[in-house]
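Numbering (our numbering), first residue to last: 1 to 115.
Every residue gets a Cβ at the ideal spot worked out from N, C-alpha and C, and that includes glycine.
Predicted, not measured: the structure shown is a model, and the values here were computed from it.
Okay, structure first, notes after.
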(Lines of atoms letter the chains of each structure in order from A and count residues from 1; the text may use other names and numbers.)
(Lines give C-alpha, C1' and ligand atoms only; values in the text may rest on other atoms or scores of the structure.)
Protein backbone atom coordinates (compact mmCIF):
# COMPACT_ATOMS: atom_id res chain seq x y z
CA UNK A 1 0.00 0.00 0.00
CA UNK A 2 1.47 3.30 -1.12
CA UNK A 3 0.78 6.37 0.98
CA UNK A 4 1.52 9.97 0.06
CA UNK A 5 1.62 12.61 2.75
CA UNK A 6 1.87 16.31 1.92
CA UNK A 7 3.16 19.02 4.21
CA UNK A 8 4.05 22.68 4.06
CA UNK A 9 0.75 24.36 3.33
CA UNK A 10 -0.34 27.48 5.12
CA UNK A 11 -1.14 31.15 4.85
CA UNK A 12 1.03 33.47 2.78
CA UNK A 13 0.63 37.01 1.54
CA UNK A 14 0.35 37.78 -2.16
CA UNK A 15 3.81 37.91 -3.65
CA UNK A 16 5.16 35.58 -1.01
CA UNK A 17 6.65 32.10 -1.22
CA UNK A 18 5.75 28.72 0.16
CA UNK A 19 7.23 25.27 -0.20
CA UNK A 20 5.29 22.01 -0.25
CA UNK A 21 6.65 18.54 0.35
CA UNK A 22 5.21 15.12 -0.32
CA UNK A 23 6.60 11.87 1.00
CA UNK A 24 5.76 8.49 -0.50
CA UNK A 25 5.92 5.56 1.87
CA UNK A 26 5.08 1.90 1.74
CA UNK A 27 6.66 1.40 -1.65
CA UNK A 28 9.91 -0.05 -2.84
CA UNK A 29 9.71 1.42 -6.30
CA UNK A 30 10.58 4.82 -7.65
CA UNK A 31 7.47 6.31 -9.25
CA UNK A 32 7.91 7.20 -12.90
CA UNK A 33 6.12 10.52 -12.45
CA UNK A 34 5.35 12.53 -9.37
CA UNK A 35 3.47 15.78 -9.40
CA UNK A 36 0.90 18.13 -8.05
CA UNK A 37 -2.69 19.06 -8.68
CA UNK A 38 -4.71 21.74 -6.94
CA UNK A 39 -8.37 22.40 -6.38
CA UNK A 40 -9.96 25.65 -5.31
CA UNK A 41 -13.48 25.76 -3.84
CA UNK A 42 -16.09 25.48 -6.56
CA UNK A 43 -13.52 24.71 -9.24
CA UNK A 44 -12.31 21.58 -10.96
CA UNK A 45 -9.05 19.95 -9.96
CA UNK A 46 -6.24 21.53 -11.96
CA UNK A 47 -2.95 19.90 -12.84
CA UNK A 48 0.00 22.04 -11.69
CA UNK A 49 3.30 20.31 -12.42
CA UNK A 50 4.99 16.95 -12.79
CA UNK A 51 8.51 15.57 -12.75
CA UNK A 52 9.85 12.37 -14.22
CA UNK A 53 12.21 10.12 -12.29
CA UNK A 54 14.86 11.22 -14.76
CA UNK A 55 14.34 14.86 -13.83
CA UNK A 56 12.37 16.30 -16.72
CA UNK A 57 9.69 18.72 -15.60
CA UNK A 58 6.45 20.13 -16.98
CA UNK A 59 4.31 22.96 -15.69
CA UNK A 60 0.88 24.38 -16.23
CA UNK A 61 1.03 27.73 -17.98
CA UNK A 62 -0.56 29.38 -14.95
CA UNK A 63 2.43 28.59 -12.74
CA UNK A 64 5.31 28.50 -15.22
CA UNK A 65 8.16 30.72 -14.10
CA UNK A 66 6.83 30.96 -10.55
CA UNK A 67 6.69 27.36 -9.33
CA UNK A 68 9.51 24.82 -9.29
CA UNK A 69 9.03 21.11 -8.87
CA UNK A 70 11.81 18.81 -7.73
CA UNK A 71 12.18 15.34 -6.32
CA UNK A 72 14.47 13.11 -4.32
CA UNK A 73 14.36 9.59 -5.72
CA UNK A 74 16.25 8.15 -2.76
CA UNK A 75 13.78 9.54 -0.26
CA UNK A 76 10.81 9.15 -2.64
CA UNK A 77 9.81 12.72 -2.09
CA UNK A 78 8.53 15.46 -4.35
CA UNK A 79 8.65 19.16 -3.63
CA UNK A 80 6.90 22.23 -4.97
CA UNK A 81 8.49 25.62 -4.42
CA UNK A 82 5.94 28.35 -5.04
CA UNK A 83 7.10 31.92 -5.52
CA UNK A 84 5.27 35.14 -6.39
CA UNK A 85 2.06 33.65 -5.12
CA UNK A 86 -1.22 35.14 -6.25
CA UNK A 87 -4.67 34.97 -4.66
CA UNK A 88 -5.73 32.66 -7.49
CA UNK A 89 -3.09 30.14 -6.37
CA UNK A 90 -5.07 29.52 -3.19
CA UNK A 91 -6.30 25.93 -3.21
CA UNK A 92 -5.89 22.51 -1.72
CA UNK A 93 -2.75 21.01 -3.25
CA UNK A 94 -2.56 17.29 -3.84
CA UNK A 95 0.54 15.34 -4.74
CA UNK A 96 0.41 12.21 -6.83
CA UNK A 97 2.68 9.41 -7.92
CA UNK A 98 2.38 7.27 -11.03
CA UNK A 99 3.77 3.77 -11.33
CA UNK A 100 2.82 0.65 -13.21
CA UNK A 101 -0.40 2.13 -14.54
CA UNK A 102 -1.64 3.18 -11.11
CA UNK A 103 -1.93 6.66 -9.66
CA UNK A 104 -1.59 7.27 -5.97
CA UNK A 105 -2.83 10.42 -4.21
CA UNK A 106 -2.04 12.35 -1.09
CA UNK A 107 -4.72 13.74 1.19
CA UNK A 108 -4.02 17.36 0.28
CA UNK A 109 -2.60 20.41 1.99
CA UNK A 110 -4.24 23.83 2.02
CA UNK A 111 -2.57 26.92 0.63
CA UNK A 112 -4.17 30.27 1.41
CA UNK A 113 -2.96 33.43 -0.30
CA UNK A 114 -4.33 36.51 1.39
CA UNK A 115 -3.24 39.80 2.85
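Within the stretch 51-93, the runs of beta strand (DSSP E) that reach at least 3 residues and sit entirely inside it are, in chain order, 57-59, 67-72, 77-82. In the structure shown, residue 30 falls within a coil segment according to DSSP collapsed to helix, strand and coil.
Residue environment for residue 113: buried (at least 16 other C-beta atoms within 10 angstroms of its C-beta). According to the DSSP secondary-structure assignment, residue 49 is paired through a beta bridge with 36, 59. Note on geometry: alpha-carbon atoms of residue 70 and residue 13 lie some 23 angstroms from one another.
In the pairwise beta carbon analysis, the stretch 50-70 is classified as not touching the stretch 101-115: fewer than three pairs are separated by under 8 angstroms. Closest option to residue 32, judged by alpha-carbon separation, among 20, 19, 77: 77. Out of 29, 22, 56, 11, the CA that lies nearest to the CA of residue 37 is found in 22. Just measuring C-alpha positions, the residue of 103, 19, 29, 88 sitting nearest residue 67 is 19.
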